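*Asks:* Sequential numbering of the sequence shown, starting at 270, is according to the working numbering.
Idealized CB from N, CA, C, for every residue including glycine.
What you are looking at is a predicted structure, and each value in this text was computed from that prediction instead of being measured.
Below you will find the structure I want to go over with you.
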Amino acid sequence: MHRAIESAALFAAGLIVWSLIEYAIHGWMGHRFRTFVTPMHQGHHRDPRRVFAIGAWLPVAGLIGFGLARWGLAPSMIVLSGVAAGFAGYESLHYRIHFRRPRGRLETYLRTRHLIHHYGAPDRCFGVTSALWDRALGTNLAASEMRRLRPSIADLPPLAGSSNLCAMLRGRIHSAS
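As structure tokens, this is what we get:
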């Protein structure tokens with residue numbers, strides 16, 4: 270029982286670590302500083318259909334696979350698995366925010382924050398899966414700003430068409446034939 274609680278705590282720590290990595294990639298590497306992430310992120314702002322971090326999937330999966338084969342369920346691998354699960358959750362939620370209607374209050378809140386980031390406050394609301402680091406690092410919107418900007422995005426429909434994942438898969442299918 271103790272091992273299960275310890276493993277759950279380590280996995281949760283990995284999710285929190287992911288949320289900081291997400292904030293750093295989006296806020297610092299995508300917006301604040303000019304890095305290799307900046308052009309990709311600017312592309313997403315120009316066309317939100319470019320929603321997936323496709324180039325990161327294979328290295329993350331490879332790292333997890335190698336680590337699990339080499340070290341099994343060592344504490345560091347449990348934390349790393351939490352980070353990878355956070356990344357997978359981010360990819361799924363980010364897609365839903367742009368392409369689907371929200372399910373429930375939490376998803377509505379996260380969609381509102383992210384679309385306000387896209388269409389009203391590009392220097393704020395960097396956390397997609399959580400507002401934790403925006404609050405901690407001063408990039409969250411004040412409640413009054415949120416109320417003021419919310420109506421401008423409230424009626425935005427989900428995106429139509431396909432994402433960059435669909436386009437990539439179509440390209441691979443066409444190039445293979």
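#1: Compute the Euclidean distance between the alpha carbons of Gly389 and Gly430, then round it to the nearest angstrom.
#2: Whose CA, out of Ala278, Tyr359, His383 and Pro420, lies closest to the CA of Asp403?
#3: Is the Cβ-Cβ distance between Phe280 and Ser350 less than 9 angstroms?
#4: Quick one: what does DSSP say Met270 is sitting in, helix, strand or coil?
#5: Would Val329 and Ala293 qualify as a contact pair, given that the criterion is a beta-carbon distance under 9 angstroms?
#6: Please classify Cys435 as buried or exposed, where buried requires at least 16 neighbouring CB atoms within 10 angstroms.
#7: Quick check: what's the CA-CA separation for Ala400 versus Ala343?
#8: Which of the three DSSP states is assigned to Phe280 in this structure?
#9: What are the uninterrupted segments assigned as alpha helix (DSSP H) that are 4 or more residues long and contained completely in the stretch 370-427, given in chain order?
#10: Between Gly296 and Thr408, how many whole angstroms is the CB-CB distance? I'm expecting something under 8 angstroms.
#11: Could you check the C-alpha separation between Phe335 and Leu410 for me, to the nearest Å?
#12: Less than 9 angstroms separating the beta-carbons of Val320 and Tyr364?
*Replies:* In short:
#1: Against the sequence shown, residue 389 aligns to sequence position 120. Against the sequence shown, residue 430 aligns to sequence position 161. Going from the Cα of Gly389 to the Cα of Gly430 covers about 23 angstroms.
#2: In the sequence shown, counting from the first residue as 1, residue 403 sits at position 134. Out of Ala278, Tyr359, His383 and Pro420, His383 has the C-alpha closest to the C-alpha of Asp403.
#3: In the sequence shown, residue 280 corresponds to position 11, counting from 1. In the sequence shown, residue 350 corresponds to position 81, counting from 1. Pairing Phe280 with Ser350 gives a Cβ-Cβ distance under 9 angstroms.
#4: Numbered from 1 along the sequence shown, position 1 holds the residue referred to as residue 270. Correct three-state label for Met270: coil.
#5: Against the sequence shown, residue 329 aligns to sequence position 60. Against the sequence shown, residue 293 aligns to sequence position 24. No, these two residues do not count as a Cβ contact at 9 angstroms.
#6: The residue labelled residue 435 in the question sits at position 166 within the sequence shown. With a threshold of 16 other beta carbon atoms within 10 Å, Cys435 falls short and is exposed.
#7: In the sequence shown, counting from the first residue as 1, residue 400 sits at position 131. In the sequence shown, counting from the first residue as 1, residue 343 sits at position 74. Near 30 angstroms, if we compare the C-alpha coordinates of Ala343 and Ala400.
#8: Position 11 of the sequence shown, counted from the start, is the residue given in the question as residue 280. Here Phe280 sits in helix by DSSP.
#9: As far as the stretch 370-427 is concerned, its whole alpha helix (DSSP H) runs of at least 4 residues are 373-388, 401-406 and 412-423.
#10: Counted from its first residue, the sequence shown places residue 296 at position 27. Counted from its first residue, the sequence shown places residue 408 at position 139. The pair is a contact, with the Cβ atoms about 6 angstroms apart (cut-off 8 angstroms).
#11: Stepping through the sequence shown from its first residue, residue 335 is reached at position 66. Stepping through the sequence shown from its first residue, residue 410 is reached at position 141. When rounded, the distance between both Cα atoms is 40 angstroms.
#12: Working through the sequence shown from its first residue, we reach residue 320 at position 51. Working through the sequence shown from its first residue, we reach residue 364 at position 95. Yes, the pair counts as a contact, with Cβ atoms nearer than the cut-off.
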